[in-house]
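Engineer: Under numbering that gives the first Met the number 0, the first residue of the sequence shown is numbered 0, with each subsequent residue one higher.
This is the structure I want to talk about, given as structure tokens.
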Amino acid sequence: MIDLAIYDMDRTVTRHATWTPFLLHCAVLRAPWRLAFLPLVVLSMLAYVLKLIDRGRLKEINHRLLLGGETDQHVLEPLVASFAARTVARNVRPGAREAIARDKAEGRRVVMATASYRFYAAAIAERLGFDDCIGTNSVLGLDSRVHARIDGENCYGPVKLRMIERWLSAEGLTRAHVRFYSDHASDAPVFEWADEAVAVNPHDRLLNLAAQRGWAVEDWG
Numbered sequence: 000m001i002d003l004a005i006y007d008m009d010r011t012v013t014r015h016a017t018w019t020p021f022l023l024h025c026a027v028l029r030a031p032w033r034l035a036f037l038p039l040v041v042l043s044m045l046a047y048v049l050k051l052i053d054r055g056r057l058k059e060i061n062h063r064l065l066l067g068g069e070t071d072q073h074v075l076e077p078l079v080a081s082f083a084a085r086t087v088a089r090n091v092r093p094g095a096r097e098a099i100a101r102d103k104a105e106g107r108r109v110v111m112a113t114a115s116y117r118f119y120a121a122a123i124a125e126r127l128g129f130d131d132c133i134g135t136n137s138v139l140g141l142d143s144r145v146h147a148r149i150d151g152e153n154c155y156g157p158v159k160l161r162m163i164e165r166w167l168s169a170e171g172l173t174r175a176h177v178r179f180y181s182d183h184a185s186d187a188p189v190f191e192w193a194d195e196a197v198a199v200n201p202h203d204r205l206l207n208l209a210a211q212r213g214w215a216v217e218d219w220g
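Take a look at the structure:
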């Protein structure tokens, strides 16, 4: 039996989303000519808003546009490292650092569970002292090249809960007490599953849901 503290990443631990900034970071440092595709990035976002594509497909399209269809891991590693360092320095909520320190002091296993791609989220998580990172996986070819395709499911909504449960099973862990933090109502399945739910800097929909369910609400700055 183990006590867990599970954190969403974008706009929970971080102030701002990370996926598009990560792609822009990579394009600027590796292939600035790819910035010419930004109008297509905007169009893909519009297609998502109009529900013509889902969030997973949106990620794949923008990955291909700004990073490329496939990327050698040795090329990706320094880009991930520099972005993770910048994110930890500039884009982490003060309250998140305090909560992570508190949970670790309480002896909890501290886990990030994010819809962001694990290949860069894990580097951010490691720098912040997380013990594990669950996230959307990308296809890794036999040639060790990272492809612009999701491997399995996008770790979002009900899928996030399924991926957390699969992780627990793979690690051979049995939950004792689970504390879960997120800023967004899309994580309602994990909030409901957790023993202790904490809505962090919630938007209106989550704030209303927290009031109905009696979940804690915290402002992390």
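Virtual Cβ for every residue (Gly too), placed ideally from N, Cα, C.
(1) DSSP on C154, reduced to helix/strand/coil?
(2) Got a sec, what are the start and stop residues for the beta strand (DSSP E) L42 sits in?
(3) Kindly indicate which three-state DSSP category V12 falls into: helix, strand or coil?
(4) To the nearest angstrom, report how far apart W219 and R10 are at their CA atoms.
(5) Per DSSP, what are the beta-bridge partners of M111 in this structure?
(6) On the criterion of 16 or more Cβ atoms from any shown chain inside 10 Å, does L34 qualify as buried, or is it exposed?
(7) Please report the straight-line C-alpha distance between V158 and S168, rounded to a whole angstrom.
(8) Considering only DSSP beta bridges, list what F21 is partnered with.
(9) How would you call L42, buried or exposed, if buried means at least 16 neighbouring beta carbons within 10 angstroms?
(10) Report the rounded CA-to-CA distance for A122 versus A80, giving the unit in angstroms.
(11) Rounding to the nearest angstrom, what Cα-Cα distance links G138 and M8 in this structure?
(12) Between which two residues does the alpha helix (DSSP H) holding D102 run?
(13) Return helix, strand or coil for A122, following the three-state DSSP convention.
(14) May I ask which residues mark the beginning and end of the alpha helix (DSSP H) holding R54?
(15) According to DSSP, is T70 helix, strand or coil?
(16) Using the Cα positions of D186 and T17, report the straight-line distance between them to the nearest angstrom.
Structural biologist: Put simply:
(1) coil
(2) From DSSP, L42 is part of no beta strand (DSSP E) but of the alpha helix (DSSP H) over L37 to V48.
(3) coil
(4) 10 Å
(5) Y6 and C132
(6) exposed
(7) 15 Å
(8) In DSSP, F21 forms no bridge with anything.
(9) exposed
(10) 7 Å
(11) Checking the displayed sequence, the identity of residue 138 turns out to be Val instead of Gly. Distance between the alpha carbons of V138 and M8 is about 21 Å.
(12) P93 to A104
(13) helix
(14) R54 to L65
(15) strand
(16) 18 Å
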